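Colleague: Could you have a look at this structure, given as structure tokens, before my questions?
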Amino acid sequence: MGFLVVFWGVFFAILSGAILSYISMATMIGPWIAPAIVLASSLILKLRRVKLEKTEQNQALSIIQTIGSVGGIIGVAIGFSLPTLYFLDQNAFNLLTQNAVSFSIMIFVLCLAAGGFGIWLARVFADKLVVKENLSFPVSKLIYEIITSQAQDKQAKQMLFGFSLSWIVCFLRDGFLKFSGFLPKIFYVFPSIFKQNFSISIMPMLWAIGFISGVDIVLPLLFGLASKYLVIAPLNYYFNNLTQDVFVMAFASGLVLSELILSLFKYPKNILNKIKSFKINNIKINNNFNFKNIINKNIINFELIFSLLLSFIFLTYFKFSFLSQILLLIFIIIATYQVSYLGGKIGLITFGRFATFIMIPMMILFKLNFMQITLLVVFFNICAGVASDLLFDYKVGKLCDIEFKKIYKAQWIGLIFTALTIGFFIWLLFNTFQLGSPELFAQRGKSRALLLQSLNFDWRILLLGFIYGILLKRFKISPTMVFGGILMPNNLTIGLSIGALISYFEKKSDTKFSLWSGVFAGESIWILFVILMRVLVK
């Protein structure tokens, strides 16, 4: 990795962390920052006096976005979860954020502990998800198409057309400055019959992800959507003392639990194989002993020890019991795998709902306070987000013919510089805008707080979800994918389905990836542009 590649990667890591932490709290959306990083980096590389060869340029772009995207995913992970504490206990939140230095140090340690553990988990999962199962990782394909389109005129034109088309739609939808726009953001489908349950969002980004994912991936999501009304609604009517949100969360938790238990004897094998390497008798010392080779061979072990030690220090400081720490890490390993698997399938990192799945049993077993609950969720979000992001980067690296080791080192660089800077940016946001105000509404944090304040868990509902998951598995339908369809807002599922339907009727869909890469990149950058303009105007 050259100095300029690392420099620009670090620059985008810091910038994307600041931007996405704000966007995730202001808009409830966490758009992928990687397409914007690739586009901006390609323009920067073209300004170099010494031009790179095509392969070198593609690899440079891949490394830059690997470093830079870490900031974005951590910004979203924290922005979605940390404001929860404000809505639960404002005094505790104010105490946590009253000093910029102490808050920044706390975020630094949290990012290194959770992010380092996430990087280690990604290395464990990579062989299964990236190599053996060769999951599609649709966002990785989008990033790869954007990278390679810089060197291929036809693809570049397709991408530019898709990018322009996306901006036109967004401009007509959202408006800009004095132009208010006239396209509705949402079309309701037969509102007289379905009320506001079914709608189509004018979000080109969703169509692009659905197109790349394909029908096979989206069908289980549609099955989940149908399950809301054909399975969950009648059952919820029987438990009429519970709100719909609480019932759905309990049922969906049982659904995910079924897949976790059914796969219990398959999945942990990869992790156990890594842990076995800790045994000292596995290290053979002989006359040809080479310390450097041992370090390289056991880098995963050192990384795991470092991240676990830092995690225990952090969690102990906030008064988590030792038993709760062990159980939390076990839950995080299982849930991070599910998040990574789902991300590899559909391209969306749904760590928010899985955080709730971890939070509920921890609350019941250990009677955690609001500070501990919030930090638990932030820890998991960072871990799962960084692990999923690294797997996406591994896939991009594989497509660009880059060694995993280089991708791995690049993400550590991004993690370290993000951890050093993002705490200050978030503190600045909290002290510039009022949480809960239109400028920093923090809808995700508020929703989780409301759930915590009204939670009434019923084991019978959990059992119903578990049984339903067993039935789905018997018919070779993924409970995790159905889980996503149940918890996703209907407009998101329908938006993905529109893209998948277009892909189904396209004879050679793979030839249109560049076009949809442009569409995806277009709305991602549009969101960043609009938010930045609002901040600058104010």
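Position one of the sequence shown corresponds to residue 408 (the numbering used here), numbered consecutively onward.
Using N, Cα and C, we set each Cβ at its ideal position, and we do this for glycine too.
Predicted, not measured: the structure shown is a model, and the values here were computed from it.
Might you give, ordered along the chain, the residues of its own chain that have their beta carbon closer than 6 Å to the beta carbon of L502, omitting 5 neighbours on each side?
Modeller: none
Colleague: Tell me whether P627 is buried or exposed, calling it buried when 16 or more other Cβ atoms sit within 10 Å of its Cβ.
Modeller: Buried, since its Cβ has 16 or more Cβ neighbours within 10 Å.
Colleague: Using a threshold of 8 Å, state whether the C-beta atoms of A615 and G906 are closer than that.
Modeller: yes
Colleague: Since S476 and S423 should fall inside the 8 Å C-beta cutoff, what is the C-beta to C-beta distance between them, to a whole number of angstroms?
Modeller: About 7 Å separates the two Cβ atoms, so the contact holds.
Colleague: So, is P896 buried or exposed, given that buried needs 16 or more other C-beta atoms within 10 angstroms?
Modeller: Label assigned to P896: exposed.
Colleague: May I ask you to verify whether the stretch 776-789 touches the stretch 710-730, counting CB pairs closer than 8 Å and requiring at least 3?
Modeller: yes
Colleague: Between the stretch 455-468 and the stretch 561-575, can you find at least three pairs of beta-carbon atoms closer than 8 Å?
Modeller: The stretch 561-575 is not in contact with the stretch 455-468.
Colleague: With a Cβ-Cβ cutoff of 8 Å, do I421 and G479 count as a contact?
Modeller: no
Colleague: Within 8 Å, do at least three Cβ pairs link the stretch 521-536 to the stretch 587-601?
Modeller: no
Colleague: To the nearest angstrom, report how far apart L549 and A467 are at their CA atoms.
Modeller: About 17 Å.
Colleague: Are the stretch 871-888 and the stretch 607-614 in contact at 8 Å, needing three or more beta carbon pairs?
Modeller: no
Colleague: Work out the CA separation of V445 and I682 for me, nearest whole Å.
Modeller: Its pLDDT being 46, under 50, I682 is placed unreliably in this model, and the value from its coordinates should be taken loosely. In a straight line, the C-alpha of I682 is about 36 Å away from that of V445.
Colleague: For the alpha helix (DSSP H) that I829 lies in, which residues bound it at each end?
Modeller: 811-839
Colleague: Within 10 angstroms of its Cβ, does F544 collect 16 or more other Cβ (buried), or is it exposed?
Modeller: buried
Colleague: Could you pull the start and end residues of the alpha helix (DSSP H) that I607 belongs to?
Modeller: Counting along the chain, I607 falls outside any alpha helix (DSSP H), though it belongs to the beta strand (DSSP E) covering 606-608.
Colleague: Measure from the alpha carbon of F500 to the alpha carbon of each residue in T781, K812, V625, then state which is nearest.
Modeller: T781
Colleague: Would you kindly work out how many angstroms separate the C-alpha atoms of I901 and A529, rounded to a whole number?
Modeller: 30 Å
Colleague: CA-CA distance, I809 and I741?
Modeller: 28 Å
Colleague: In chain order, which alpha helix (DSSP H) runs of at least 4 residues are fully inside the stretch 860-914?
Modeller: 866-881, 886-894, 897-912
Colleague: When you compare only the Cα positions, how much space is there between L736 and G409?
Modeller: 36 Å
Colleague: Using a 10 Å radius around the Cβ and a threshold of 16 neighbouring Cβ atoms, would you call W866 buried or exposed?
Modeller: Taking a 10 Å sphere around the C-beta of W866, we find fewer than 16 other C-beta atoms and assign the residue as exposed.
Colleague: Quick one: Cα of Y551 to Cα of M566, how far?
Modeller: 12 Å
Colleague: Can you check which of these residues, S910, L822, F840, is closest to T473 by C-alpha distance?
Modeller: L822
Colleague: Excluding sequence positions up to five away, which residues of its chain have a Cβ less than 8 Å from the Cβ of G621?
Modeller: S543, A907, S910, Y911, S916
Colleague: Are F786 and A521 close, meaning C-beta to C-beta below 8 Å?
Modeller: yes
Colleague: Could you have a look at L842 and say whether DSSP puts it in helix, strand or coil?
Modeller: strand
Colleague: Given that a residue counts as buried once 16 or more other Cβ atoms are within 10 Å of its Cβ, and exposed if not, what is S431?
Modeller: buried
Colleague: Can you tell me whether Q745 is buried or exposed? The criterion is at least 16 other CB atoms within 10 Å of its CB, across all chains shown.
Modeller: buried
Colleague: Taking 8 Å as the cut-off, decide whether the C-beta atoms of I481 and I789 are in contact.
Modeller: yes
Colleague: Confirm, please, whether the CB-CB distance from S665 to I877 is below 8 Å.
Modeller: yes
Colleague: Following the continuous beta strand (DSSP E) through I593, name the residue where it begins and the one where it ends.
Modeller: 593-595
Colleague: Starting from the Cα of I619, find the closest Cα among N647, L637, G754 and give me that residue.
Modeller: That would be G754, whose Cα lies nearest to the Cα of I619.
Colleague: Note the first and the last residue of the continuous alpha helix (DSSP H) segment covering I619.
Modeller: 611-620
Colleague: Within the continuous alpha helix (DSSP H) that includes S587, where are the two ends?
Modeller: Where S587 is concerned, there is no enclosing alpha helix (DSSP H), given that its DSSP letter is neither H nor E.
Colleague: For Y801 and S547, what's the separation of their Cα atoms in angstroms?
Modeller: 9 Å
Colleague: Please identify the residue among K564, L584, I451, G416 whose C-alpha is closest to the C-alpha of T918.
Modeller: K564
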